[in-house]
Amino acid sequence: MANVQPVRMDAALDEITMPTEIVAAIAAIPDVVEHGLFLNGIDTIVIARGDTMEVRRRGQARSR
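With the working numbering, the residue at position 46 of the sequence shown is 114, and numbering never jumps.
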């Protein structure tokens, strides 16, 4: 297929309750290259929302 443009999709989710199952379902879609859900190997994430920034660390309790 010539001239096929890649498609990038972003989603903002409150909570992913079944991450392993979602990763498997996305990976099973033909032609999907990467899903961006890092279930292993990531211990710290930084979330930016407008002018604020939140740092979350694996195993650390989350304030709501």
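A virtual CB, placed ideally from N, CA and C, is assigned to each residue, including glycine.
Just so it is clear, the structure is predicted and the values come from calculations on it, not from any experiment.
May I have the straight-line CA-CA distance separating residue i from residue j, to the nearest angstrom?
i: ARG126; j: MET86; result: 17 Å
i: ALA129; j: THR112; result: 13 Å
i: ILE110; j: VAL72; result: 32 Å
i: PRO74; j: HIS103; result: 14 Å
For residue i, which residues of its own chain have a beta-carbon under 8 Å away from its beta-carbon, when the five flanking residues on both sides are left out?
i: LEU105; result: ILE84, PRO87, ILE90, VAL91, ILE94
Which residue marks the beginning of the beta strand (DSSP E) containing residue i, and which one marks its end?
i: ILE115; result: 112-117
Can you confirm whether residue i, when its beta carbon is compared against all beta carbons of chain B, has any partner nearer than 8 Å?
i: GLY127; result: In the structure shown, chain B cannot be found, because there is only a single protein chain.
Since residue i sits in a beta bridge, which residues does DSSP pair it with?
i: VAL123; result: VAL114
Taking DSSP as the reference, what is the three-state secondary structure of residue i?
i: ALA92; result: helix
i: PRO98; result: coil
i: PRO87; result: helix
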